[in-house]
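**Q**
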Amino acid sequence: DVKVTQSSRYLVKRTGEKVFLECVQDMDHENMFWYRQDPGLGLRLIYFSYDVKMKEKGDIPEGYSVSREKKERFSLILESASTNQTSMYLCASRPPFIEQNVLTFGAGSRLTVL
Amino acid sequence: AQSVTQPDIHITVSEGASLELRCNYSYGATPYLFWYVQSPGQGLQLLLKYFSGDTLVQGIKGFEAEFKRSQSSFNLRKPSVHWSDAAEYFCAVSGGGADGLTFGKGTHLIIQP
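Just so you know, the sequences run in chain order W and R. Take the first sequence: its letters are residues 32 to 145, numbered as in my numbering. Take the second sequence: its letters are residues 129 to 241, numbered as in my numbering.
1. Would you identify the three-state DSSP class for R/N203, choosing helix, strand or coil?
2. Going along chain W in order, which residues have a C-beta closer than 7 Å to the C-beta of R/S201?
3. Which residue or residues does DSSP assign as beta-bridge partners of R/W163?
4. Considering only residues of the same chain and omitting the five flanking positions on each side of W/T114, which have a CB-CB separation below 7 Å?
5. Verify whether the separation of the beta carbon atoms of R/Q134 and R/G234 is less than 8 Å.
6. Can you give the Cα-Cα distance for W/A112 and W/L42, rounded to whole angstroms?
7. For W/V133, decide whether its Cβ has a neighbour in chain R, counting only Cβ atoms nearer than 8 Å.
8. Relative to the alpha-carbon of W/K49, which residue among W/D69, W/V97, W/A138 and W/R75 has its alpha-carbon at the smallest distance?
9. Candidates R/G223, R/G156, R/W163 and R/G228: which alpha carbon is nearest R/A215's?
10. Assess contact between the segment 134-143 of chain W and the segment 176-192 of chain R, defined as three or more Cβ pairs (one per stretch) separated by less than 8 Å. Is contact present?
11. Taking 8 Å as the CB-CB limit, is W/L76 close to chain R?
12. Once you ignore the five residues that flank R/K206 on each side, which residues in its own chain have a CB closer than 6 Å to its CB?
13. How far does the beta strand (DSSP E) with W/N132 in it reach, from first residue to last?
14. Going along chain R in order, which residues have a C-beta closer than 8 Å to the C-beta of W/E93?
15. Have a look at the DSSP bridge pairing and note the partners of W/S98.
16. Between R/D213, R/A220 and R/V221, which lies nearest to R/E143 when the distance is taken from Cα to Cα?
17. Would you mind working out which of W/G89, W/D69 and W/F51 sits nearest W/S80, comparing C-alpha positions?
18. Can you look up R/S212 in the DSSP assignment and give me helix, strand or coil?
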């Protein structure tokens with residue numbers, strides 16, 4: 032089974048801190064994604080990457096950046112955390128072929144910004 | 129742009145009763161459609177998917193969904209729910225491109241004993 036691991040399940044940070052959320056997948060998937068989940072809003076795409084060092088903005092990229100230096104690792108970065116970035120963050124990966132267009136998700140990282 | 133509507137924010141069903149969760153999508157071509165389930169504090173797990181072919185698709189945990197192109201719907205069904213089915217359910221659509229899935233806002237399922 033594909034495994035997507037988010038190293039931090041719960042984080043508490045202060046306003047203005049730089050925050051790194053790490054995601055690692057073990058199935059050599061080309062495509063990786065970061066979503067944000069908020070009650071009543073569902074999942075919204077922040078950034079995605081279809082290859083090493085490649086990144087594309089999703090629907091809500093403001094206040095976030097990403098890094099993909101290795102194929103298996105996709106990091107979400109909050110340069111200066113704000114309280115409105117308190118949320119559940121979900122990482123996902125997917126193989127490149129349309130016939131296998133199924134995202135596999137990590138367990139999520141719940142971030143609280145004080 | 130593609131979109132997904134899940135009209136029901138909360139649904140309460142008695143254990144053993146049947147279930148139908150509604151999903152309507154907007155997409156210009158033939159969509160790829162998905163249902164995911166999220167248990168409390170967990171990530172999302174794929175229940176089933178529709179890519180092409182038979183419009184009635186079977187998934188895990190006894191769930192099924194039917195794709196109706198004329199109604200732009202992909203409703204999820206289960207004939208008899210169990211208490212362990214209590215969770216958040218998300219419908220999603222994709223055009224098959226690199227940009228992932230577009231999700232609905234979710235339906236919270238509550239099971240009454």
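No residue lacks a Cβ here, since even glycine has one placed at the ideal position from N, Cα and C.
**A** From the atom records:
1. Note: R/N203 maps to strand in three-state DSSP.
2. Within 7 Å Cβ-Cβ: nothing; R/S201 doesn't reach chain W, min ~18 Å.
3. Looking at the DSSP output, R/W163 sits in a beta bridge with R/L176 and R/C219.
4. Non-local C-beta neighbours of W/T114 in its own chain, meaning closer than 7 Å and more than five positions away in sequence, comprise T46 and V144, ordered along the chain.
5. Yes, Cβ-Cβ distance for R/Q134 and R/G234 is below 8 Å.
6. Taking the straight line joining both Cα atoms gives about 12 Å.
7. At least one chain R Cβ lies under 8 Å of W/V133.
8. Selected option, being the one with the closest Cα: W/V97.
9. Per the Cα distances, R/W163.
10. Counting Cβ pairs under 8 Å, fewer than three are found: no touch.
11. Put simply, the CB of W/L76 is near chain R, with a gap under 8 Å to one of its CB atoms.
12. Result list for R/K206: L147, G190 and F191, in chain order.
13. No beta strand (DSSP E) holds W/N132; DSSP gives it neither H nor E.
14. Under the 8 Å cutoff, chain R gives no residues; its nearest Cβ is about 17 Å from W/E93.
15. DSSP, once it has assigned bridges, lists W/S106 as partnering W/S98.
16. Ranked by how close their Cα comes to the Cα of R/E143, the residues R/D213, R/A220 and R/V221 have R/D213 in first place.
17. Closest option to W/S80, Cα to Cα, is W/G89.
18. Helix.
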